[in-house]
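Q: Below you'll find the structure I mean.
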Amino acid sequence: MTEYWKSQAKKFCEYCKVWITDNKASVGFHEGGKKHQMAVQNRLKEIRRKGLEDSRNSRSEAAMLQQMEEDAINSYRNKDLGANADITASILNKRRAEMRENRRLAEESAKDGINEEMSQAEIAAINAASSSTSSSIGPSIATAGPNHLRNVEAPKSGTKWHKSSSDGGPKLWYEAEAEDGSGNRYYWHVETNESRWVKPPEGYLSIHEQHDINRKAEAKALHRNASILASQSIHGKGELNNYGEGSSTGGSYQEEQKYDPYGGWQSVKPKPSSSSASNVDYEAPVAKAPIQSSATLHSEKDRYSFKEKTVSSLSSKEDLSSSSSSKPKISFRRRKIDSDDKKRNMRQRDDND
Numbered sequence: 001m002t003e004y005w006k007s008q009a010k011k012f013c014e015y016c017k018v019w020i021t022d023n024k025a026s027v028g029f030h031e032g033g034k035k036h037q038m039a040v041q042n043r044l045k046e047i048r049r050k051g052l053e054d055s056r057n058s059r060s061e062a063a064m065l066q067q068m069e070e071d072a073i074n075s076y077r078n079k080d081l082g083a084n085a086d087i088t089a090s091i092l093n094k095r096r097a098e099m100r101e102n103r104r105l106a107e108e109s110a111k112d113g114i115n116e117e118m119s120q121a122e123i124a125a126i127n128a129a130s131s132s133t134s135s136s137i138g139p140s141i142a143t144a145g146p147n148h149l150r151n152v153e154a155p156k157s158g159t160k161w162h163k164s165s166s167d168g169g170p171k172l173w174y175e176a177e178a179e180d181g182s183g184n185r186y187y188w189h190v191e192t193n194e195s196r197w198v199k200p201p202e203g204y205l206s207i208h209e210q211h212d213i214n215r216k217a218e219a220k221a222l223h224r225n226a227s228i229l230a231s232q233s234i235h236g237k238g239e240l241n242n243y244g245e246g247s248s249t250g251g252s253y254q255e256e257q258k259y260d261p262y263g264g265w266q267s268v269k270p271k272p273s274s275s276s277a278s279n280v281d282y283e284a285p286v287a288k289a290p291i292q293s294s295a296t297l298h299s300e301k302d303r304y305s306f307k308e309k310t311v312s313s314l315s316s317k318e319d320l321s322s323s324s325s326s327k328p329k330i331s332f333r334r335r336k337i338d339s340d341d342k343k344r345n346m347r348q349r350d351d352n353d
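Throughout the sequence shown, residue numbering follows the UniProt record's numbering, covering 1 to 353 in sequence.
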């Protein structure tokens, strides 16, 4: 029988990246070691960190997709529907215009019904007052007809004379238009600042009613201010007359000026111009004077003196010799070149030559 060698079984540790003998003793010894336990803890930390990063990235992607959807819906609502880009936009705009027209007609009809009811209520009150006065004087001859006791039908929107039990208190919901110019109307609560698109069941104050309330408040304030100004003018004239009659010294009395929230008028008077027009500062740029070269004045010491020499005759050699003897003789000498200088200046022959 042929003998052969068989190696022992090996096992690879995924945490430590090493090979160990695949038996119970070796595996237990390796797993109980400190390095293996630290490697396992590091792997768990890495897995936990990666899971947190993946969850954070998924949340950010979900938030980004949701924001993109909201932006797309808002853009479609504000731009596409407003510009009538497709058939859906034209249909929705047509329905919106019809809803506005129906709302306007309903408000006008409600207003006409309120005015008619007010006039009928006034007529009924006058008839009741006349019947009570006639009965106190003597027996009434005419009997009350069916027109005197006619029921008044209140509109569905309700008036301040016909309110349900739920509308007993002040209305806290106000109607307002959206700021994007689309014409949509929403409702907001005065105390809680809550806003919604659906009409609140407990009732609300419409935009038309808000305008009426503001108009009445302004008219009331103007009436009150007019009455105050009238009383002030009357009392001021009385005090002026009393002061003029009782004063013997003849002092001057000036009526108190009225209070003006924006300040009084001041008369503008032209100021006398004492200075001439040449002194007015126009804030013009100042022109710089050109740079001038300074004149140099030569003194007597800086002047040069020139000498003259006269020659009696150019042909006489004695005169030339006498004139040249006063100056040193100019001569040129040739440079001597040594043998070393010749070798230095001349090109030496190389080995290649």
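All C-beta atoms, glycine included, are put in the ideal place defined by N, C-alpha and C. Owing to the predicted nature of the structure, the values given are computational and were not obtained by experimental measurement.
Tell me which residue opens and which closes the alpha helix (DSSP H) that R43 is part of.
A: Taken as a continuous stretch (DSSP letters only), the alpha helix (DSSP H) holding R43 covers K34 to S75.
Q: From which residue to which residue does the alpha helix (DSSP H) around E31 run?
A: Start and end: K24 to E31.
Q: Take H36 as the anchor and find which of S294, S60, C13 and P170 has the nearest alpha-carbon.
A: For H36, the nearest C-alpha among the options comes from C13.
Q: Tell me which same chain residues have a C-beta within less than 6 Å of the C-beta of L205, skipping the five on either side of it?
A: Around L205: K171 and Y174.
Q: Report the rounded CA-to-CA distance for Y15 versus S26, giving the unit in angstroms.
A: The straight-line gap from Cα to Cα measures roughly 16 Å.
Q: Could you check what DSSP says for L205 in three-state terms: helix, strand or coil?
A: L205 falls in the strand class under three-state DSSP.
Q: I'd like the list of long-range same chain contacts for N184, defined as Cβ closer than 6 Å, with 5 residues on each side in sequence excluded.
A: Once the five neighbours on either side are set aside, the close Cβ partners of N184 are A178.
Q: By the DSSP assignment, the beta strand (DSSP E) with T310 in it spans what residues?
A: Neither: T310 is in no beta strand (DSSP E) and is coded neither H nor E.
Q: Looking only at its chain, what residues have a beta carbon closer than 7 Å to the beta carbon of R100, apart from the 5 residues adjacent to it on each side?
A: Result list for R100: G183, in chain order.
Q: For N23, which option in A9, G32, A217 and K34 has the closest C-alpha, if you only look at C-alpha atoms?
A: Residue A9 is the option with its Cα nearest to N23.
Q: Note down the Cα distance separating I91 from E218, rounded to an integer number of angstroms.
A: Cα to Cα, I91 sits roughly 42 Å from E218.
Q: Sort out for me which residues DSSP pairs H223 with in a bridge.
A: Beta-bridge pairing links H223 to no other residue.
Q: By Cβ distance below 8 Å, which residues in the same chain neighbour N78 in space, the five residues on each side in sequence not counted?
A: These residues qualify, in order along the chain: D180 and S182.
Q: Tell me whether E218 sits in a helix, a strand or coil according to DSSP, three-state version.
A: In the structure shown, E218 sits in a helix (DSSP, three-state: H, G or I).
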